[in-house]
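Undergrad:
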Amino acid sequence: MTDLPVRGGKAPARVRPLRIPIDPRVTDEASDSAALAARVAQVARGGARAAVLGVNDGLVTNVCLILAVAGANASRTNVRLAGFASLIAGSFSMAAGEWVSVRSQVELFSGLLDELRRLVSRNPRLILDELSAHLEATGFGRETAQTASTELPLDEPRFVRFAATTLFGINPDELGSPATAAGTSLANFAAGALVPLVPWFFTGGVLATWLSIVLTGLASLVVGGIVSRSSGRGVARGALRQLAIVAGASAVTYGIGRAFGTAVG
Amino acid sequence: VLYPGTPAPEFTLPDQNGNAVSLAGQRGHWVLLWWYPKASTPGCTVEGQALRDKADDFRSVDCVVIGISFDTSADNKVFADTQEFGFALLSDLDHEVGRSYEVRRRPDDQYAEFPLRTSYLIDPDGVIRKAYAVADVAGQPEGVLKDLAELSAGT
Chain F
1 MTDLPVRGGK APARVRPLRI PIDPRVTDEA SDSAALAARV AQVARGGARA AVLGVNDGLV
61 TNVCLILAVA GANASRTNVR LAGFASLIAG SFSMAAGEWV SVRSQVELFS GLLDELRRLV
121 SRNPRLILDE LSAHLEATGF GRETAQTAST ELPLDEPRFV RFAATTLFGI NPDELGSPAT
181 AAGTSLANFA AGALVPLVPW FFTGGVLATW LSIVLTGLAS LVVGGIVSRS SGRGVARGAL
241 RQLAIVAGAS AVTYGIGRAF GTAVG
Chain S
1 VLYPGTPAPE FTLPDQNGNA VSLAGQRGHW VLLWWYPKAS TPGCTVEGQA LRDKADDFRS
61 VDCVVIGISF DTSADNKVFA DTQEFGFALL SDLDHEVGRS YEVRRRPDDQ YAEFPLRTSY
121 LIDPDGVIRK AYAVADVAGQ PEGVLKDLAE LSAGT
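The listed protein sequences correspond, in order, to chains F and S.
Note that this note's numbering gives residue 50 to position 50 of the first sequence, counting from 1, and the numbers run on in steps of one.
Note that this note's numbering gives residue 143 to position 143 of the second sequence, counting from 1, and the numbers run on in steps of one.
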């Protein structure tokens, strides 16, 4: 007789049941339920933070800066210097921001795990009922959902991961590292900021200004199209909206630069 | 799972305090034998709490509640003491009683070391009258008490 491969998920070498001190009696059902609901809502808001693309930030920041400085009749060298300084400053600012953001997510997650354990300890029925309700909403029959939710804690690491993903929408495997996020952000912002700056290395004046605008416009169309496509919306509409945003921001900044340059230049 | 009408397999096992408890010793009383996968885990705790909170109702219909698992007596003692259970928790360390009650999982099941969450309602003559694959751990007592009332009325 040949051994058939074991079907289903790969079993861990040894399962570790979730055994934490559980209060014998639930003292405040309503308060536990409200605490869980509030935490879930809070995480949902935090998790939905705007996924701003570094490339886009670099584009908008630098084209606006270059147009403002050019609008104030600065020399080609000064525009180039200002644009380059903006590229460096923006890149590092983005990298630092992203590092803090991802680091906070990691800390938030470990805080959530502690909170989850506290809730299981205080009111295990609440957590099991929540998981069961989520599984039912996913499409499982009630008995299957109830059986699954009571069987999951037989392996603590997977139970915690599943509960956190289901109740809080955070997957610990997808948090990433702060260093990688910072590096990616830095590179993306720098790439975006370089686009409107490139013409000023070869030419200057009105030609360089127009080239900055055209290159930024083209890059905005590409970025807007990619963002829309990845979010499942119309590519053309997303690209044009991105172009409009960049054009609007640039026009306002150029106008302010001109007014400022006229006033103090 | 053993079907209703089957004589409940006999056993003598240690409870959480090391005292031997046998099924034969419960003759003349109804017995709810609830198999749970693992002491002190959330599902088993909620199941035990629900049975604990209905202890008076089970007593009033002359039903003895007995928990049973593959845990050690020491683990069961911590479980029973923490949760203030007034009933016995038995240790079937070699899984032999589990085998006779057909609550062992397949060897290739990742949770093979834990019994299935199955409860048996055994009548005063030692015959299984109901078998439950328990999914709703908190709602189990109501269903069992309802069955007990119907079965008692029929006997």
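Yeah, the Cβ is synthetic: ideal placement off N, Cα and C, and Gly gets one too.
Within 10 angstroms of the Cβ of residue 202(F), are there 16 or more other Cβ atoms? Answer buried if so, exposed if not.
TA: For this step, residue 202(F) is matched to residue 202 along the first sequence. Exposed is the call here.
Undergrad: Check whether the stretch 190-197 of chain F and the stretch 76-94 of chain F touch, using three or more Cβ-Cβ pairs below 8 Å as the test.
TA: Verdict: yes, contact present.
Undergrad: Excluding the five sequence neighbours on either side, which residues of its own chain have a C-beta within less than 8 Å of the C-beta of residue 141(F), listed in chain order?
TA: The residue given as residue 141(F) occupies position 141 in the first sequence. Hits under 8 Å: none found.
Undergrad: Does the pairing of the stretch 1-10 of chain S with the stretch 112-132 of chain S give three or more beta-carbon distances under 8 Å?
TA: Segments in contact, yes.
Undergrad: Pull up the distance between the alpha-carbon of residue 122(F) and that of residue 88(S), whole angstroms please.
TA: The sequence position of residue 122(F) within the first sequence is 122, counting from 1. The sequence position of residue 88(S) within the second sequence is 88, counting from 1. Spanning the two alpha carbons is a distance of roughly 24 Å.
Undergrad: By the 7 Å beta-carbon criterion, what residues does the stretch 129-150 of chain F contribute toward chain S?
TA: Correct list: 143, 146, 147, 150.
Undergrad: Apart from the five residues just before and just after residue 257(F), which ones in its own chain have a Cβ nearer than 8 Å to its Cβ?
TA: Translated into the one-based positions of the first sequence, residue 257(F) becomes position 257. Excluding sequence neighbours, residue 257(F) sits near 67, 68, 69, 70, 71, 72.
Undergrad: Which whole-angstrom value describes the C-beta separation of residue 124(S) and residue 59(S), a residue pair presumed to lie in contact below a C-beta threshold of 8 Å?
TA: Taking the second sequence and counting its residues from 1, the one referred to as residue 124(S) is at position 124. Taking the second sequence and counting its residues from 1, the one referred to as residue 59(S) is at position 59. With 8 Å as the limit, residue 124(S) and residue 59(S) do not qualify as a contact, their Cβ atoms being about 15 Å apart.
Undergrad: Can you determine whether any heavy atom of the ligand FMN sits closer than 7 Å to the C-beta of residue 202(F), and answer yes or no?
TA: This structure lacks the ligand FMN, and indeed carries no ligand of any kind.
Undergrad: Should residue 62(F) and residue 196(F) be called a contact, given that it needs their Cβ atoms to be closer than 8 Å?
TA: Taking the first residue of the first sequence as position 1, residue 62(F) is located at position 62. Taking the first residue of the first sequence as position 1, residue 196(F) is located at position 196. Taking 8 Å as the Cβ cut-off, residue 62(F) and residue 196(F) qualify as a contacting pair.
Undergrad: Quick test of your reading: residue 8(S) and residue 23(S), contact by CB under 8 Å. State the CB separation rounded to the nearest angstrom.
TA: As a working mapping, residue 8(S) is identified with position 8 in the second sequence. As a working mapping, residue 23(S) is identified with position 23 in the second sequence. Their Cβ separation, rounded to whole angstroms, is 6 Å, which keeps residue 8(S) and residue 23(S) in contact under 8 Å.
Undergrad: If I'm right that residue 50(S) touches residue 75(S) with Cβ under 8 Å, what's the distance once you round it to whole angstroms?
TA: The residue labelled residue 50(S) in the question sits at position 50 within the second sequence. The residue labelled residue 75(S) in the question sits at position 75 within the second sequence. That belief does not hold up - the Cβ atoms of residue 50(S) and residue 75(S) are roughly 20 Å apart, past 8 Å.
Undergrad: Mind listing the chain F neighbours of residue 11(S)? Cutoff is C-beta to C-beta under 7 Å, in chain order.
TA: Here residue 11(S) corresponds to residue number 11 of the second sequence, with the count starting at 1. Those within 7 Å of residue 11(S) in chain F number zero; the least Cβ separation is about 24 Å.
Undergrad: Of all Cβ atoms in chain F, is any one closer than 8 Å to the Cβ of residue 65(S)?
TA: The sequence position of residue 65(S) within the second sequence is 65, counting from 1. No, because no Cβ of chain F sits closer than 8 Å to the Cβ of residue 65(S).
Undergrad: Starting from the Cα of residue 126(F), find the closest Cα among 22(F), 143(F), 81(F) and give me that residue.
TA: Locating residue 126(F) in the first sequence gives position 126, where the first residue counts as 1. Checked all of 22(F), 143(F), 81(F); the closest Cα to residue 126(F) is 22(F).
Undergrad: Can the beta-carbon of residue 162(F) be found closer than 8 Å to that of residue 152(F)?
TA: The count along the first sequence starts at 1 and reaches residue 162(F) at position 162. The count along the first sequence starts at 1 and reaches residue 152(F) at position 152. Yes, these two residues count as a Cβ contact at 8 Å.
Undergrad: Can you list, in chain order, the residues of its chain whose CB lies under 7 Å from that of residue 2(F), leaving out five sequence neighbours each side?
TA: For the purposes of this step, residue 2(F) is taken as the residue at position 2 of the first sequence. Only weak support exists for where residue 2(F) lies, its pLDDT of 36 falling under 50; the coordinates are left without a value.
Undergrad: What does a CB cutoff of less than 7 Å around residue 126(S) pick up in its chain, not counting 5 residues either side in sequence?
TA: On the second sequence, position 126 is the one that residue 126(S) refers to. Excluding residues within five positions, the ones whose Cβ falls inside 7 Å are 7, 8, 23, 27.
Undergrad: Quick one: list the residues of chain F neighbouring residue 102(S), beta-carbon separation under 9 Å, in chain order.
TA: Taking the second sequence and counting its residues from 1, one reaches residue 102(S) at position 102. Residues of chain F passing the Cβ test: none, with the nearest at roughly 17 Å.
Undergrad: Could you tell me whether any Cβ in chain S is nearer than 8 Å to the Cβ of residue 21(F)?
TA: For the purposes of this step, residue 21(F) is identified with residue 21 of the first sequence, where counting begins at 1. By this cut-off, residue 21(F) is an interface position.
Undergrad: Is there a Cβ from chain S that is less than 8 Å from the Cβ of residue 157(F)?
TA: If you number the first sequence from 1, residue 157(F) lands on position 157. For residue 157(F), the answer is no, since every Cβ of chain S falls outside 8 Å of its Cβ.
Undergrad: Can you tell which of 184(F), 252(F), 75(F) has its C-alpha closest to the C-alpha of residue 94(F)?
TA: The count along the first sequence starts at 1 and reaches residue 94(F) at position 94. Of the listed residues, the one whose Cα sits closest to residue 94(F) is 184(F).
Undergrad: Using three-state DSSP, classify residue 48(F) as helix, strand or coil.
TA: Start at 1 with the first residue of the first sequence, and residue 48(F) comes out as number 48. In this predicted model, residue 48(F) has a pLDDT of only 31, less than 50, meaning its place in the structure is not dependable enough to derive any value.
Undergrad: Of the residues that make up the stretch 98-122 of chain S, which ones have a beta carbon closer than 8 Å to any beta carbon in chain F?
TA: Answer in chain order: 108, 110, 111, 113, 114, 117.
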